[in-house]
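*Asks:* Structure provided below as structure tokens; questions to follow.
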Amino acid sequence: MAEALVVRNLSKRFGGLRAVQNLSFSINEGETVALIGPNGAGKTTSFHLITGFHRPDEGSVTAFGREIVGLRPHDICAHGLARTFQVARPFGGMTVLANVMTGAFLRDKRPEVACAKAYEAIEFVGLSAKAHTPARDLTTIDQRRLEMARALATEPRLLLLDEVMAGLNPSEIDQAVALVGKLSKRGLTIIIVEHVMRAIMAVARHIVVLDHGQKIAEGGPKEIVKNQEVVRAYLGSGYVHVATAGET
Ligand SMILES: Nc1ncnc2c1ncn2[C@@H]1O[C@H](COP(=O)(O)OP(=O)(O)O)[C@@H](O)[C@H]1O
Ligand SMILES: [Mg+2]
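Start counting at 1 in the sequence shown, then tack on 53, and there's your number in the numbering used here.
See the structure below:
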């Protein structure tokens, strides 16, 4: 299978702080990979490095066969990488439709085309009933849907989701998990940063674990929850007890 993304020896320092250290991992096309780890581990910084919002001190990022380090965020998006932000940044006074159209304009400057594409993305995420609602009036889950719709409207091949399930209640998490599954079925390659482990287990076949900017483990969900280093740094011993209950 072709590789969608290859991250090699990526590093970023902020003054004396090593936010990301020598990070390497790769994702095949169509795969969903989770990036997990404690707060401050370097997950969001990794997204910033991959999508061009920060320039790495060292390392390379190859997306769909092209080196993208040094390209501007806009050009990286045009190359097929779209992201959501951990802190949602909609244009609050603008409607859902207008917000999503800003994404669609990346591919086509004609308003009627952007509008049609935006409606399609809005429907896909289940936000049609609120298409004309100002973004600032949305609930948390609808704001996350808007973030996803705006990213989807840029017609990405690789989608980076940063904590899109934070602050959702259990049934909303189920809805978000279903949405990610639907995106994956569409053939999208996805990197998801998330703390809700049951959501991670449901969507990702492969997990990369960061701690203090470094990759401390990588593997399938079952392997990862039993990994002693991951339990120590992130999950805590209670998690493994629950996760493996009933297993022989
Ligand atoms: N722009 C910045 N300037 C200085 N330090 C930063 C900046 N962005 C992130 N950091 C620091 O880098 C580390 C990793 O942050 P981040 O990538 O946001 O972690 P995570 O998303 O895993 O919680 C943290 O210690 C954070 O305080
Ligand atoms: Mg973060």
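The beta carbon of each residue, even a glycine, is placed where N, CA and C say it ideally should be.
Give me every residue whose Cβ sits closer than 6 Å to any heavy atom of ligand 1, in chain order.
*Replies:* Matched residues: Phe67, Leu70, Ala72, Gly90, Asn92, Gly93, Ala94, Gly95, Lys96, Thr97, Thr98.
*Asks:* So is Leu70 buried or exposed if we call it buried at 16+ other beta carbons inside 10 Å?
*Replies:* Result: exposed.
*Asks:* If you draw a straight line from the alpha carbon of Gly145 to that of Val153, how long is it in whole angstroms?
*Replies:* Rounded to whole angstroms, Gly145 to Val153 spans 12 Å at the Cα level.
*Asks:* Can you give me the start and stop residues for the beta strand (DSSP E) that Glu111 sits inside?
*Replies:* First-last of the beta strand (DSSP E) with Glu111: 111–116.
*Asks:* In the DSSP output, what is Lys183 paired with across the bridge?
*Replies:* Paired residue(s): none; Lys183 is not in a bridge.
*Asks:* Which whole-angstrom value is the C-beta distance of Ala171 and Ala188, which I expect to be below 8 Å?
*Replies:* At roughly 13 Å, the Cβ-Cβ gap does not stay under 8 Å, so Ala171 and Ala188 are not in contact.
*Asks:* Does DSSP put Glu56 in a helix, in a strand, or in coil?
*Replies:* Correct three-state label for Glu56: strand.
*Asks:* What three-state label does DSSP hand Thr301 in the structure shown?
*Replies:* Because the pLDDT of Thr301 is 42, which lies under 50, any placement of that residue in the model is unreliable, and the number read from its coordinates should be weighed accordingly. Three-state result, Thr301: coil.
*Asks:* Count the CB pairs spanning the region 249–264 and the region 187–205 that are closer than 8 Å, and state whether there are at least three.
*Replies:* Because the criterion of three Cβ pairs below 8 Å is not met, the region 249–264 and the region 187–205 do not touch.
*Asks:* In this structure, does DSSP put Val230 in helix, strand or coil?
*Replies:* It is helical.
*Asks:* What did DSSP end up calling Ala72 once you bin it into helix, strand or coil?
*Replies:* Three-state DSSP puts Ala72 in a strand.
*Asks:* Hey, would you say the C-beta of Glu216 is under 7 Å away from at least one heavy atom of ligand 2?
*Replies:* It does: the Cβ of Glu216 is within 7 Å (strictly closer) of some heavy atom of ligand 2.
*Asks:* When burial is assigned at 16 or more other CB atoms within 10 Å of the CB, is Glu200 buried or exposed?
*Replies:* When all chains shown are included, Glu200 counts as buried.
*Asks:* Compare the C-alpha of Pro91 against each of Leu236, Leu221, Glu216 and name the closest.
*Replies:* Looking at the Cα atoms, Glu216 is the closest of the given residues.
*Asks:* Alpha carbon to alpha carbon, how far is Ile89 from His248?
*Replies:* Whole-angstrom Cα-Cα distance: 7 Å.
*Asks:* DSSP three-state label for Gln196, please.
*Replies:* Helix.
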